[in-house]
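**Student:** In the order they appear, the protein sequences are chains P and X.
Residue 287 in numbering that gives the first Met the number 0 sits at position 288 of the first sequence, and the numbers go up by one each step.
Residue 31 in numbering that gives the first Met the number 0 sits at position 32 of the second sequence, and the numbers go up by one each step.
The beta carbon of each residue, even a glycine, is placed where N, CA and C say it ideally should be.
Being a predicted model, the structure only gives us computed values, none of them experimental.
2 protein chains.
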Amino acid sequence: MEMELSVRSRKILEAIVEDYIATAEPVGSSAVARRHALTLSPATVRNVMANLEEQGLLTSPHTSAGRIPTEKAYRFYVDSLVALRQVTRDEKRQIISHCRQAGAGLSGLLKETSRTLSQLSNYMGIVVAPSFTADVFRQIEFIRIGQRKILAILVSSKGAVQNRLIETVDDYAPEDLVRMGNYLNDKMQGLTITQVREQILDEMKSEKTQYDQLLSRSLAVGEQAVREEGDEIFVEGQARILDQPEFSDAGRMKEIFQAFEQKGLLVQLLSRCMSAEGVQIYIGAETSLSQSAGISLITSRFVTSSNTVGMLGVIGPTRMGYSSVIPIVDYTARMVSRLLSET
Amino acid sequence: MEMELSVRSRKILEAIVEDYIATAEPVGSSAVARRHALTLSPATVRNVMANLEEQGLLTSPHTSAGRIPTEKAYRFYVDSLVALRQVTRDEKRQIISHCRQAGAGLSGLLKETSRTLSQLSNYMGIVVAPSFTADVFRQIEFIRIGQRKILAILVSSKGAVQNRLIETVDDYAPEDLVRMGNYLNDKMQGLTITQVREQILDEMKSEKTQYDQLLSRSLAVGEQAVREEGDEIFVEGQARILDQPEFSDAGRMKEIFQAFEQKGLLVQLLSRCMSAEGVQIYIGAETSLSQSAGISLITSRFVTSSNTVGMLGVIGPTRMGYSSVIPIVDYTARMVSRLLSET
DNA sequence: AAATAGCACTCTTCACTGATGAGTGCTAAT
DNA sequence: ATTAGCACTCATCAGTGAAGAGTGCTATTT
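#1: When Cβ atoms are compared, which residues of the region 157-182 of chain P fall closer than 7 Å to chain X?
#2: Evaluate X/Gly293 with the Cβ neighbour count: other Cβ atoms within 10 Å of its Cβ, from every protein chain shown; 16 or more gives buried, anything less gives exposed.
#3: Under 8 Å, do P/Gln138 and X/Ile142 count as touching if we go by C-beta distance?
#4: Starting from X/Met221, follow the alpha helix (DSSP H) in both directions and report where the run begins and ends.
#5: Can you give me the start and stop residues for the alpha helix (DSSP H) that P/Ala21 sits inside?
#6: When we look at the beta-carbon of X/Lys157 and count the other beta-carbons within 10 Å, is it buried (16 or more) or exposed?
#7: Pick out whichever of X/Ser8, X/Val177, X/Ser287 has its Cα sitting closest to the Cα of X/Phe75.
#8: Find out if the Cβ-Cβ distance for the pair P/Thr298, P/Gly312 is shorter than 8 Å.
#9: Using a Cβ-Cβ cut-off of 8 Å, state whether X/Ser113 counts as contacting chain P.
#10: Does P/Glu260 get closer than 8 Å to chain X when you measure Cβ to Cβ?
#11: Name the DSSP beta bridge partners of P/Pro316, please?
#12: Contact check, X/Glu70 vs X/Thr317 under 8 Å by CB: the rounded distance?
#13: Does any C-beta atom of chain P lie closer than 8 Å to the C-beta of X/Val135?
#14: Quick check for students: name the residue ranges of the alpha helix (DSSP H) that lie wholly in the region 131-201 of chain X, counting only runs of 4 or more.
#15: Sort out for me which residues DSSP pairs X/Gly283 with in a bridge.
#16: Measure from the alpha carbon of P/Leu39 to the alpha carbon of each residue in P/Leu105, P/Ala14, P/Gly145, P/Asp169, then state which is nearest.
#17: Compute the Euclidean distance between the alpha carbons of P/Val16 and X/Ala238, then round it to the nearest angstrom.
#18: Compare the C-beta of P/Ala23 with all C-beta atoms of chain X and state if any pair is closer than 8 Å.
#19: Confirm, please, whether the CB-CB distance from X/Gly124 to X/Arg114 is below 8 Å.
#20: Look at the Cβ atom of X/Gly309, then the Cβ atom of X/Val127, and state whether they are nearer than 8 Å.
#21: Return the bridge partner residues of P/Arg300 from the DSSP annotation.
#22: Tell me which same chain residues have a C-beta within less than 6 Å of the C-beta of X/Pro244, skipping the five on either side of it?
#23: In the DSSP output, which residue or residues are listed as bridge partners for X/Leu264?
#24: Give the range of the alpha helix (DSSP H) segment to which P/Glu235 is assigned.
#25: Under three-state DSSP, which class holds P/Ser336?
#26: When the Cα atoms are used, what is the spatial distance from X/Val177 to X/Val195?
#27: For P/Arg251, does the three-state DSSP call read helix, strand or coil?
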C-alpha cells in the first residue's frame, strides 16, 4: 500500500485519529486547527482533509459533521503514526501482582491475566491457553467411576491437567486400570502429548500388540485420553464493551455478544495468529469477526518453557486506545512468558 | 398476605399478566374485555382494574396508558393463577438428547444442561455444580511440578475432579509424594471430602503425629488440597437477555451484565435456595440481584447418588413466560438428578 | 503558488407546536 | 350491579423553524 503523504497530512491525520479515539465524535477542521499548535487555519486543514478523504482515509457521516477515520486510517495510524506510550510503573505493578496472587495452577494464572488485561485496557481481555498437546507428558491415571466408565486424568509437565470421561466396551477392575496407567507412564516418559498420541497409534497397529490383551487395551483407552481437544479460553470484562458509546445501540450490542458467545470463533481467530511473534493488530474487517461491527483485536503470543505457545490480548472497538493498549499487551505477554518459563 | 379477590378479579388479573407477558406493553381495559370472551364491557373491567391497582397489584406508567402488573401481581400469579403448561414431547427430546451428547464428565453435562435451559426458555440458563465437598472421597494424587510446587489432584466418587497447585515449605521427592498419597488414600477411604478435611485437622493436633515427619507432612499438604473452594457455575445464553424489549435500554443492560460478571453473586444467590425442594421462584426484588432491574429467577435443585445437591434454573425478566419455564426447569432438574443417580 | 478569509450552503439537533388516539375516571342511565 | 357516555389526561408523532456545526468554493492575501 503506497502512502505518499506529506508530513503535514500525516500530522493532521494523526490528530484526527487521536481526537476521535478520545471523543468518539466526528472531528471538525477547526478542532484540528486548534489542537496541537499546528498554526494552520481551519480552511487549510479542510483542504488536507478533503485529500485524505479522497484517499479513503476519512469519511464523514453527513455533510455538516466532522470526519471519522476509516479502518484504513487506523491501519496506517498503527503502522506508522502511533507514538506508543510507556507502560507506567503502576500498570507494571498491577500486572505483576495479579500474576502472583493467582492460585490454582495454570488456569488460574491465565484467568487472572485476562482479567488484568481487561482492567488495564478497559476493554475485553482474552487469553487462549497454550495448547496442551505440545506439552511434555508427565503422568496419566485411570480411575473407575462406574460400570464401563473410566475417568482419565492427564497431567503435563507444566502442571496443566485434563480429565476426560471414557466409556469403554469392557468393564475394567481397578487393578487393571493401575497396571494400564503404569504401562503408559513408563513407556511415554519424556514425549510430548502429541508424540504420545502418535506412538500409541503406531503401536496399536503393530503385530505383537494384537496378542497382548492388556497392552492393546491400555493403548485403546490411552488413545482416547490423549485425543486432541479444543483449547481453553478465558474471556473477561465483556461488560466493558458496553461502556463504549459506539455500542450503545442495542442491536449492535446484541450482535457482538452473540458473536462472543461461541468461544469457538474466538479461538479460531486467535489461533490464526499463533505463528507470528510480537504484538499483532487486527482492525475491523481484518478480524473477520461479526461482519459489520467495528471491532479491533490486539494480541501477542506467550511461550512456556516447553515451547508451547498461547495467545493473549485485548478486544475493543476499532476506536481503541492503541497507544496505551499495545504496550500493555506486549508487556503482559512478556511477563506471562517469563513466569511460565521459570519452572 | 390476605388476598380476597373475587373470581372475576382473578380472571382479569390473570388476563392482564398474561397479556403483558406476551406483549411487554401496558394492557388496557378494552384489550382485556375483548380477550377470553369475558363478556364484560371495558367500563366494568376498568372498575376492577382500579381496585386491583389500589391493592398494589397493578400500576400504570401514566394516566393514559394501560396497566402493568407489579411484582406482587407476578407473585400472586405464580402462586395461585398460573396454569402450568405440559413439557412438550419435543422439549423432552431436546433435554434428553443434550444430556446424552455431553462428554467430559460432570462438568460437560452441567454445561450442556445450562445451554439447553437457555435454548428452551429463551432466557439465561444457569447451573451450579453440586458442592464437591459433600461427595465421597475417592482418590488423591500428588505430582511434583517444580521446586516446592505440588499439583494435587482430588477425585470424588462421582468423577468430579479438582486440581490445586500447592506451594510447600520443603521440597519433596516424587517418591515422598507417592507415599503421602498412598497414606491418605488408605486412611480416608469412604469418607466424604468434608469428613476427610475434619479428620485431617483432627490428626494434625494429635500427639503421635508430631513425631512422624512423613505423616505430619502428608497431613499438612493434604489439608491444603481438600480446602473448601468456590462452587463451579455454568451460565449460558447471556445474549438472550438482549432480546427482551425491557432491556433494550443500554444503561440497564450494562447494569445487568455487570451484575452477572461476578459469578460470585449468582452462586450466593443460588446457594441460598439449596435447602428447599422443588421448583422455587424469585421475582424481582426477591432475587436481591442488581437493585432495580426487573429480573426473576426460577430454580430447582438436583441431587446426585451421593446426596450432594446442585442448583439449576433460568434467569429472565420478571415478565417471564412462567407457565412454560417452570415445567421446563422442573423436568430438567428431574432428568439431571436421574442421570446423576444411575451410576 | 500556498495559505487563508469570507461566505453561501447543507444538514443535524433541539425545542416547540398541534393533531391524534389510546386509555382513564366519573356520572348517569339501564 | 353493569354499562354507556363523555370529558379529560397524556404519550406519540409529524411538522416547523431557529441555531449551530461544518463544509466547499472562490477570491484574496502573502
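**Tutor:** Result, derived from the coordinates:
#1: Gly158, Val160, Asn162, Arg163, Leu164
#2: buried
#3: yes
#4: A small correction: the amino acid at residue 221 of chain X is Gly; Met does not occupy that position in the sequence shown. Its alpha helix (DSSP H) spans residues 212-224.
#5: First-last of the alpha helix (DSSP H) with P/Ala21: 6-22.
#6: By the neighbour-count criterion, in which a residue is buried when 16 or more other Cβ atoms sit within 10 angstroms of its Cβ, X/Lys157 is buried.
#7: X/Ser8
#8: yes
#9: no
#10: yes
#11: P/Ile294
#12: 6 Å
#13: no
#14: 173-186
#15: Among the bridge pairs identified by DSSP, X/Gly283 is matched with none.
#16: P/Ala14
#17: 31 Å
#18: no
#19: yes
#20: yes
#21: The bridge partners DSSP lists for P/Arg300 are P/Met310.
#22: Ala23
#23: Beta-bridge pairing links X/Leu264 to no other residue.
#24: First-last for P/Glu235: 232-235, but that is the beta strand (DSSP E), not the alpha helix (DSSP H).
#25: helix
#26: 18 Å
#27: Annotated three-state conformation of P/Arg251 is helix, per DSSP.
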